[in-house]
Amino acid sequence: KDGSIVELDVETGQRTKFARATSSTSNSTTAPWLAPTARHGGRNSLLAAAVSTDGSYLAVAGASKAVHIYDTRSRTCVKSFTGHKDEVTALAFRKGTHQLFSASLDRAVNIWSLEDMAYVDTLFGHQSPIVGLDALQGDRALSCGSGDRTCRLWKVPEESQLVFRANHVNLESCAFITQGEWITGDGMGNVQLWNTAKKKPTFTARNAHVADSSDLDGSAGSVGGDACRWVGSVAVCPGSDLLASGAGDGIIRLWRVSDGGRGDGGRRALEDVGAVPVRGFVNSMAIARSARFLVAGIGQEPRMGRWLRDPQARNGVFIRQLDLVDLDD
């Protein structure tokens, strides 16, 4: 929320700040989207970040409505894309390419080509602000809209979409497991499993995140509790059945996609395989491809606002080594 970008070496713990992009008409060292008052919140905070598969490019975006592209080798801003009409809330690179998807509160998903450094197309369909986005290798993207309670599977070449509706609950985050299966987190602390064969969740882990907001500043009572339950981030270990979900209730839950076998006809389900304690709001998360560790962005406040605060939490990057056992053995 202060607009800064820091590269963290997971192995050594070394931290390196990215250079501020400068205007072509000014010698100022301040990033063009960063105002002096950004640390107090406002239109210049960064809300999303994504790195290309080959590690060449970093994309960041936020309340300035622009998408800023960094060269990770020089750590300098090489391009800023404008086109969204409201805050950019989510970014995702198509795996194995330099094609970038960006989602915004303006209810649109924009597609950008970093090979040509140009705008490609816009996907319309959501009836409310988009807060979650993901993409894999194929020509598909996944998005979820909080207010319209849908997740949408975009078929980019066909310029079409499949609409999947939640059970009267706002969806706050989403992540692909495979091209035809994904998970979402909602505003009531539930985690859902979906696939393309059914328009509603095939499995719901109810009350996966339940919060007690008695020691939080800000909105009191049920309002604070509900905000802490929002599953603001979900993550999938690439090419595996290991998942994670995080909210503001003090834990990150680890899940395994199982094939049932307990009299349910082998129906795919989410199996709770552990929990990692962490204080604060889990605003972003990733599991290493090796499944050796989990990384989470922890904040005293929710990613999308400043209406609630946990003064006991620490703003920063949380790293936890994972020791996993194959349950099929």
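For the sequence shown, position 199 matches number 200 in the working numbering, and the numbering has no gaps at all.
Ideal Cβ placement from N, Cα and C applies to all residues, glycine included.
Identity of the residues DSSP links to residue 314 by a beta bridge: Answer by DSSP bridge pairing: none, since residue 314 is not bridged.
Since residue 12 sits in a beta bridge, which residues does DSSP pair it with? DSSP output for residue 12 lists no bridge partner at all.
Tell me the DSSP secondary structure of residue 236 in three-state form. Residue state, collapsed to three classes: strand.
What does DSSP give as the partner residue(s) for residue 117 in the beta ladder? None; residue 117 has no bridge partner.
Burial state of residue 118 (16 or more Cβ within 10 Å): Result: exposed.
Give every residue of the same chain whose Cβ lies closer than 6 Å to the Cβ of residue 18, excluding the five residues on either side of it in the sequence, and list them in chain order. Non-local C-beta neighbours of residue 18 in its own chain, meaning closer than 6 Å and more than five positions away in sequence, comprise 7, ordered along the chain.
Per DSSP, what kind of secondary structure is residue 228 in: helix, strand or coil? DSSP places residue 228 in helix when its eight states are reduced to three.
Which class does residue 331 belong to by DSSP, given the choice of helix, strand or coil? Absent from the structure is residue 331, since the part of the chain shown begins at 2 and ends at 330.
So for residue 220, helix, strand or coil by DSSP? Since pLDDT at residue 220 reaches only 40, below the 50 mark, its modelled position is unreliable, and the value read off the structure follows with that caveat. Three-state DSSP puts residue 220 in coil, outside helix and strand.
Taking the alpha-carbon of residue 171 as reference, which of 299, 178 and 228 has the nearest alpha-carbon? Of the candidates 299, 178 and 228, the one whose C-alpha sits nearest the C-alpha of residue 171 is 228.
If contacts are defined as beta-carbon pairs under 8 Å, then residue 235 and residue 185 qualify, I think. What distance do you get, rounded to the angstrom? The pair is a contact, with the Cβ atoms about 7 Å apart (cut-off 8 Å).
When the distance is taken between beta carbons, is residue 254 closer than 8 Å to residue 209? The answer is yes: Cβ separation under 8 Å.
For residue 174, the three-state DSSP class (helix, strand or coil): Reduced to three states, the DSSP call for residue 174 is strand.
Does the Cβ of residue 68 have 16 or more other Cβ atoms within 10 Å, making it buried, or fewer, making it exposed? Buried, because 16 or more other Cβ atoms sit within 10 Å of the Cβ of residue 68.
Applying the 10 Å Cβ sphere with the 16-neighbour rule, what's the burial state of residue 9? Residue 9 is exposed by the Cβ-count criterion.
By alpha-carbon positions, which one of 148, 127 and 115 ends up nearest to residue 57? Taking only the C-alpha atoms, the option nearest residue 57 is 115.
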